[in-house]
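Below is one structure, written out as structure tokens, with a few remarks after it.
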Amino acid sequence: MSQKGKLEIKDMKNVTVISFLDVAILDETSIKELGDEMEEVVKSKEEINLVVNFTNVDYLSSAVLGRLVKVFKMVRKQKGKMKLCGIKSSILQVFKITRLDKMFEILPDEDKAIKSFKKPFKLWG
Amino acid sequence: MEIRIQPPPEYGEKLLYKEIQSTLDLKNPLIEEILSTLKEKGFLPTEDEKYGAQLCLDEVIVNAIRHGNNEDSSKIVKVSLYVGEQLWAIRIEDEGDGFTPEENVPDVEDEDSWELERGRGVTIMEHYMDEIWYYNNGASVQLKKKMSESFFKKMCSSFHKAIEKILSYIGIR
């Protein structure tokens, strides 16, 4: 596990988990820093399986949604996948209003998000 | 959404008026001041209502600073907060040329719009606020929010109970 500015990063076998450290992501400087840091993580890996964990976050502005969309498009371009988890109900409401809940796969918690990336076990023979 | 010719009505009493330079650093202290004024007046009783108000204030103020005044610090944004008996309204005026709704507000039901990196502000404001009144070619806007009915009833009931207690204490009832 490592910390990079406003993010905590966990690298696992086939999944990378980014957790936001701030409770409120509202000011433009923080949003830019956070977006740039996420993009660096994505650029560092090909075909990344990325989980973005919102557990610590109580407030975010709509500018954060824009940065998430940008990261989502980068991940997809690199043939990776991105999922979100730990989103509180008030923030989830904003995803619903803007229909982004249909674009992003959103899971209740980190554990479920990580497990969702695991390939089903195959029996040989 | 339309841009109207006439300015919106002034709802209630003007409790706060600020003129700020068009720099985004000044946004959050102003939003905090507006939110605490509204809280003092009994609005925003729940975290969800506070968050809704915060999101909408963020949207209108950022729009005015960034898109209206192009973050030109020589230009100002005027902010007025009105509070009535059961509603509050915020009026934001910038020095820009305004905007054209069709060009600037994507339709969230259109799947192609989901991948846009901006333009969700109006959708968010339309959800949380009861009235959005653009005028002055879109360079000015007023948002209105009514106090939620259940909270108003609760407040009236608490007030009624307090009066009953006082009357009973002084021996009238």
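As given, the protein sequences belong to chains U and V, one line each in that order. -4 is the number of the first residue of the first sequence in the numbering used here; add one for each residue after it. 153 is the number of the first residue of the second sequence in the numbering used here; add one for each residue after it. Note that the Cβ used here is the ideal one computed from N, Cα and C, for glycine as well.
Alpha helix (DSSP H) segment containing residue 108 of chain U, residue limits: For residue 108 of chain U, the enclosing alpha helix (DSSP H) stretches over residues 105 to 110.
Validate contact between the region 77 to 97 of chain U and the region 43 to 52 of chain U using beta carbons, cut 8 Å, 3 pairs: Enough Cβ pairs lie closer than 8 Å, so yes.
Beta-bridge partners of residue 269 of chain V, as assigned by DSSP: Looking at the DSSP assignment, residue 269 of chain V forms no beta bridge with any residue, so it has no partner.
Reference residue 210 of chain V, options V/198, V/286, V/180, V/185, closest by Cα: Looking only at V/198, V/286, V/180, V/185, the smallest Cα-Cα distance to residue 210 of chain V is reached by V/180.
C-beta neighbour in chain U for residue 270 of chain V, strict 9 Å: yes
Residues that residue 64 of chain U contacts on chain V, provided the C-beta gap is smaller than 8 Å: Those within 8 Å of residue 64 of chain U in chain V are 266, 267, 268, 269.
Beta-carbon gap between residue 158 of chain V and residue 286 of chain V smaller than 9 Å: no
Backbone secondary structure at residue 11 of chain U - three-state DSSP: strand
Start-to-end residues for the beta strand (DSSP E) that takes in residue 241 of chain V: 239 to 245
Paired residues, beta bridge with residue 156 of chain V - DSSP: V/287
Where residue 71 of chain U falls, given that 16 or more other Cβ within 10 Å makes a residue buried: exposed
Within-9 Å CB hit, residue 39 of chain U to chain V: Taking Cβ atoms only, chain V never reaches closer than 9 Å to residue 39 of chain U, which makes this a no.
Spatially closest choice to residue 160 of chain V from V/295, V/178, V/169, by CA coordinates: V/295
Residue 256 of chain V, DSSP secondary structure in three states: Shown here, residue 256 of chain V sits in a helix according to DSSP, grouped into three states.
Every unbroken alpha helix (DSSP H) within the region 197 to 233 of chain V, with a cutoff of 4 residues, ordered by chain: List check, alpha helix (DSSP H) in window: 199 to 214.
Neighbour list for residue 61 of chain U in chain V, Cβ cutoff strictly below 9 Å: 268, 269, 270, 271, 272
Bridge partner(s) assigned by DSSP for residue 2 of chain U: U/-1, U/15
Pick from V/176, V/324, V/207 that is closest to residue 19 of chain U, judged by C-alpha positions: Nearest C-alpha to residue 19 of chain U: V/207.
Neighbour-count burial assignment, residue 275 of chain V, 16 or more Cβ in a 10 Å radius: buried
Among V/314, V/284, V/268, nearest to residue 256 of chain V - alpha-carbon criterion: V/268
Assumed close pair residue 337 of chain V, residue 174 of chain V - CB separation to whole angstroms, cut-off 8 Å: The question about residue 337 of chain V has no answer here: the residues shown for chain V are numbered 153 through 325.
Beta-carbon proximity list for residue 253 of chain V, same chain, < 6 Å, skipping 5 on both sides: 153
Chain U within 9 Å of residue 242 of chain V, Cβ atoms only: no
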